[in-house]
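So the protein sequences, as listed, match chains A and B.
If you count by the numbering used here, then the first sequence holds residues 87 to 235, one letter each, in order.
If you count by the numbering used here, then the second sequence holds residues 3 to 145, one letter each, in order.
Virtual Cβ for every residue (Gly too), placed ideally from N, Cα, C.
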Amino acid sequence: MKRNLFALAIGLIFGLGLCISGMYLPAKVIGFLDLAGAWDPSLAFVMIGAIVVALPAFWIAKRRSNAWLGGAIELPTARSIDAPLIVGSAIFGIGWGLAGVCPAPGVVDLGFLNGDAAIFVAAMAAGVLIYRATSHWRLPDAGVLTQDA
Amino acid sequence: MTIDWAHFAPLSALAGGALIGVAAAFLILGAGRILGAAGIVGGALDIGSVEAPWRWSLIAGLVVSPLIARSLSDIAAPVFLVHWPALIVSGLLVGFGARLGSGCTSGHGVCGLARLSPRSAVATVVFMATAVVTVFITHHLIG
Numbered sequence: 087m088k089r090n091l092f093a094l095a096i097g098l099i100f101g102l103g104l105c106i107s108g109m110y111l112p113a114k115v116i117g118f119l120d121l122a123g124a125w126d127p128s129l130a131f132v133m134i135g136a137i138v139v140a141l142p143a144f145w146i147a148k149r150r151s152n153a154w155l156g157g158a159i160e161l162p163t164a165r166s167i168d169a170p171l172i173v174g175s176a177i178f179g180i181g182w183g184l185a186g187v188c189p190a191p192g193v194v195d196l197g198f199l200n201g202d203a204a205i206f207v208a209a210m211a212a213g214v215l216i217y218r219a220t221s222h223w224r225l226p227d228a229g230v231l232t233q234d235a
Numbered sequence: 003m004t005i006d007w008a009h010f011a012p013l014s015a016l017a018g019g020a021l022i023g024v025a026a027a028f029l030i031l032g033a034g035r036i037l038g039a040a041g042i043v044g045g046a047l048d049i050g051s052v053e054a055p056w057r058w059s060l061i062a063g064l065v066v067s068p069l070i071a072r073s074l075s076d077i078a079a080p081v082f083l084v085h086w087p088a089l090i091v092s093g094l095l096v097g098f099g100a101r102l103g104s105g106c107t108s109g110h111g112v113c114g115l116a117r118l119s120p121r122s123a124v125a126t127v128v129f130m131a132t133a134v135v136t137v138f139i140t141h142h143l144i145g
């Protein structure tokens, strides 16, 4: 229960960050990705702000074994720069560039009761399920399967 | 290259980014998990897993956050720029690609870079590059 309330608060903070930064707006994201048009560098500042704050936390996390709420701190263990990483990231980028929406902003936009966001999130979930259904076609993954990055 | 000064908002971008960093920092130190949205959504689909409830809780926080943001200031409602067939293709590619590539903008672009992970640095460069090329094609070549 404590863990779920904690995760709820994290989701609220994450979502507020996406709202304040403007990254929940597809036009804002496209403005960053459109180098040949009128370029809006804001997204780079979002990443800088996030990384500067998260950097010391991950520095500490690497040196601790247990989380405050108990249980192990699970950092990704995969190290190899392999084909799934590159091909997957390339596919992800094409999808991101098509609509200007990545996973977290898509979920935040559901909170605006936006029907298009519902279509996007449903398709994204379907994409995850297709990945799983086809996983036996691929070689076993090298690293942690359950976590990102 | 021309800068879009009318929309460039470095201070709100930094402030919002810092909040995203706070969320990533608390999740790794508090619960021991990476703040990667694609992994969280994907893991939430494992209904019955012990890792599913916290993920659904985090997703609930994301969905409720606009209510709080709207009560604090008068922010615009999001407008999607493409119609549903393109949205479906986009969502499928985002979901599939993020799982195959083990991460998305938050998992690789924020947490991975903050961990100083070379894998995430490569992933971030790759997805930024294909996204930029996709926008160039759709907005300048055929748009």
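1) Given that a residue counts as buried once 16 or more other Cβ atoms are within 10 Å of its Cβ, and exposed if not, what is Lys148 of chain A?
2) Below 8 Å between beta carbons: does that hold for Ala136 of chain A and Leu31 of chain B?
3) Return the residue from the list A:Gly108, A:Gly174, A:Asn90, A:Val214 that minimises the CA-CA distance to Ser75 of chain B.
4) Put Ile139 of chain B into one of helix, strand or coil per three-state DSSP.
5) CB-CB under 7 Å to Cys113 of chain B, same chain, minus the five flanking residues each way: which ones, in chain order?
6) Which whole runs of the beta strand (DSSP E) in the segment 112-188 of chain A are 3 residues long or more, in chain order?
7) So Ala140 of chain A packs on Ala116 of chain B, CB below 8 Å; how close in whole Å?
8) So that I know if they touch, is there some Cβ in chain B lying closer than 8 Å to that of Thr232 of chain A?
9) Please identify, using Cβ separations under 8 Å, the residues of the segment 157-170 of chain A that lie next to chain B, in order along the chain.
10) Exposed or buried, Val24 of chain B, counting other C-beta atoms within 10 Å across all chains shown (16 or more means buried)?
11) For Asp48 of chain B, count the other beta carbons within 10 Å of its own beta carbon; 16 or more makes it buried, fewer makes it exposed. Which is it?
12) With a threshold of 8 Å between beta carbons, is Trp223 of chain A in contact with chain B?
13) Distance, Cα to Cα, Ser51 of chain B vs Gly157 of chain A?
14) Taking all protein chains shown into account, do 16 or more other C-beta atoms lie within 10 angstroms of the C-beta of Leu60 of chain B, making it buried, or fewer, making it exposed?
15) Determine the direct distance from the alpha carbon of Gly174 of chain A to that of Lys88 of chain A, and round the result to whole angstroms.
16) Got a sec: is the Cβ-Cβ distance from Ala131 of chain B to anything in chain A below 8 Å?
17) Residues in the same chain with beta-carbon distance under 6 Å from Ser108 of chain B, minus the five sequence neighbours each way, listed in chain order, please.
18) Note down, in chain order, each residue of its chain lying with its Cβ closer than 6 Å to the Cβ of Asp126 of chain A, except the 5 sequence neighbours on either side.
19) Between the Cα of Met2 of chain B and those of A:Ala169, A:Pro191, A:Gly123, A:Val207, spot the shortest distance and give me the residue it belongs to.
Considering the structure as presented:
1) In the first sequence, counting from the first residue as 1, residue 148 of chain A sits at position 62. Flag for Lys148 of chain A reads exposed.
2) Locating residue 136 of chain A in the first sequence gives position 50, counting from the first residue. Locating residue 31 of chain B in the second sequence gives position 29, counting from the first residue. Their beta carbons are not under 8 Å apart, which means Ala136 of chain A does not touch Leu31 of chain B by this criterion.
3) Against the second sequence, residue 75 of chain B aligns to sequence position 73. Nearest of A:Gly108, A:Gly174, A:Asn90, A:Val214 to Ser75 of chain B, Cα basis: A:Gly108.
4) What you label residue 139 of chain B is simply residue 137 of the second sequence in a count that begins at 1. In the structure shown, Ile139 of chain B sits in a helix (DSSP, three-state: H, G or I).
5) In the second sequence, counting from the first residue as 1, residue 113 of chain B sits at position 111. Excluding sequence neighbours, Cys113 of chain B sits near Ala26, Ile36, Leu37, Gly38.
6) none
7) In the first sequence, the residue the question calls residue 140 of chain A occupies position 54. In the second sequence, the residue the question calls residue 116 of chain B occupies position 114. The Cβ separation is near 4 Å, so the contact holds.
8) Taking the first residue of the first sequence as 1, we reach residue 232 of chain A at position 146. Residue confidence is low: Thr232 of chain A scores 49 on pLDDT, short of 50, so the model does not pin down where it sits. Its coordinate-derived value is still stated next. True, the Cβ-Cβ gap to chain B drops below 8 Å.
9) Gly157, Ala158, Ile159, Glu160, Leu161, Pro162, Ala164, Arg165, Ser166, Ile167, Pro170
10) On the second sequence, residue 24 of chain B is found 22 positions in, with the first residue counted as 1. Burial call: buried.
11) Translated into positions along the second sequence, residue 48 of chain B becomes position 46. Classification for Asp48 of chain B: exposed.
12) Locating residue 223 of chain A in the first sequence gives position 137, where the first residue counts as 1. For Trp223 of chain A, the answer is no, since every Cβ of chain B falls outside 8 Å of its Cβ.
13) The sequence position of residue 51 of chain B within the second sequence is 49, counting from 1. The sequence position of residue 157 of chain A within the first sequence is 71, counting from 1. Ser51 of chain B and Gly157 of chain A: Cα-Cα distance of roughly 16 Å.
14) Locating residue 60 of chain B in the second sequence gives position 58, where the first residue counts as 1. Its Cβ being crowded by 16 or more others within 10 Å, Leu60 of chain B is buried.
15) By 1-based counting over the first sequence, the position of residue 88 of chain A is 2. By 1-based counting over the first sequence, the position of residue 174 of chain A is 88. Looking at the two C-alpha atoms, the distance is approximately 34 Å.
16) Here residue 131 of chain B refers to the residue found at position 129 of the second sequence. Yes, its Cβ sits closer than 8 Å to a Cβ of chain A.
17) In the second sequence, the residue the question calls residue 108 of chain B occupies position 106. Cβ within range, chain order: Leu37, Gly38, Ala39.
18) Locating residue 126 of chain A in the first sequence gives position 40, counting from the first residue. So the list reads Gly117, Phe118, once near-sequence residues are dropped.
19) Shown here, chain B extends from 3 to 145; a query on residue 2 of chain B therefore has no answer.
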